[in-house]
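Per my numbering: the sequence shown = residues 16 to 160. Each residue gets a CB set at the ideal place from its N, CA and C atoms; glycine is no exception. Since we're looking at a predicted model, the values are computed, not measured. Notes for the one structure printed next.
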Amino acid sequence: MEGCDYFRFLEHTADVYVEVCATTLERAFELAAKAMFEVMTDTSKVEPVREYVVVDQGFDLENALYRWLEDLLVEYGRSNTVFGEFKVDYVRAEEGGYAFRGRALGETFNPEKHEPRVEVKAVTYSQMEVINLGDRWILRFVLDI
Numbered sequence: 016m017e018g019c020d021y022f023r024f025l026e027h028t029a030d031v032y033v034e035v036c037a038t039t040l041e042r043a044f045e046l047a048a049k050a051m052f053e054v055m056t057d058t059s060k061v062e063p064v065r066e067y068v069v070v071d072q073g074f075d076l077e078n079a080l081y082r083w084l085e086d087l088l089v090e091y092g093r094s095n096t097v098f099g100e101f102k103v104d105y106v107r108a109e110e111g112g113y114a115f116r117g118r119a120l121g122e123t124f125n126p127e128k129h130e131p132r133v134e135v136k137a138v139t140y141s142q143m144e145v146i147n148l149g150d151r152w153i154l155r156f157v158l159d160i
């Protein structure tokens, strides 16, 4: 579907409410991660110096999305690495849930290079939705700031 490759920020009283639209679930996961890091800095200034690989699974699609974003956020907190490029190789149904594999490319956060914005404290299940409309996927989720 033309025009369905985006993320945008929706109105929310205190936190950041994100909506993603993509023609594949993998692309939707990529855009969700991009949106999360865009809250924290201008991702266009992040160089792809370091690769971080995430291989995990969730008991349903919402849990898989949560685990993907949470894993990236934990890695940011652990290594001070901001990510600007994301590639999800697959999200697929397997026994017991949904498995996924993705990669994030980034570098160590440098406040002189990377504009500090709002710190994301956590990914939440609040208002989280993973919707398959046949020709596109819609994801919605809230980031605690």
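Please report the distance separating the alpha-carbon of residue i from that of residue j.
{"i": "residue 89", "j": "residue 96", "result": "10 Å"}
{"i": "residue 47", "j": "residue 18", "result": "16 Å"}
{"i": "residue 125", "j": "residue 133", "result": "15 Å"}
{"i": "residue 50", "j": "residue 33", "result": "7 Å"}
{"i": "residue 101", "j": "residue 79", "result": "16 Å"}
{"i": "residue 68", "j": "residue 22", "result": "22 Å"}
{"i": "residue 54", "j": "residue 103", "result": "20 Å"}
For residue i, tell me which candidate among the options has the shortest Cα-Cα distance.
{"i": "residue 72", "options": "157, 131 and 115", "result": "115"}
{"i": "residue 56", "options": "138, 76 and 91", "result": "91"}
{"i": "residue 43", "options": "148, 140 and 112", "result": "148"}
What residues are listed by DSSP as bridge partners for residue i?
{"i": "residue 154", "result": "35 and 145"}
{"i": "residue 123", "result": "96"}
{"i": "residue 138", "result": "158"}
{"i": "residue 117", "result": "69 and 103"}
Assuming the contact rule is C-beta atoms closer than 8 Å, residue i and residue j should be a hit. Round their C-beta distance to whole Å, please.
{"i": "residue 61", "j": "residue 122", "result": "6 Å"}
{"i": "residue 77", "j": "residue 145", "result": "5 Å"}
Check: Taking the runs of the beta strand (DSSP E) that are 3 residues or longer, which of them lie wholly in the region 53–112?
Finding: The DSSP assignment places 65–73 and 96–109 as complete runs of the beta strand (DSSP E) inside the region 53–112, in order along the chain (cut-off: 3 residues).
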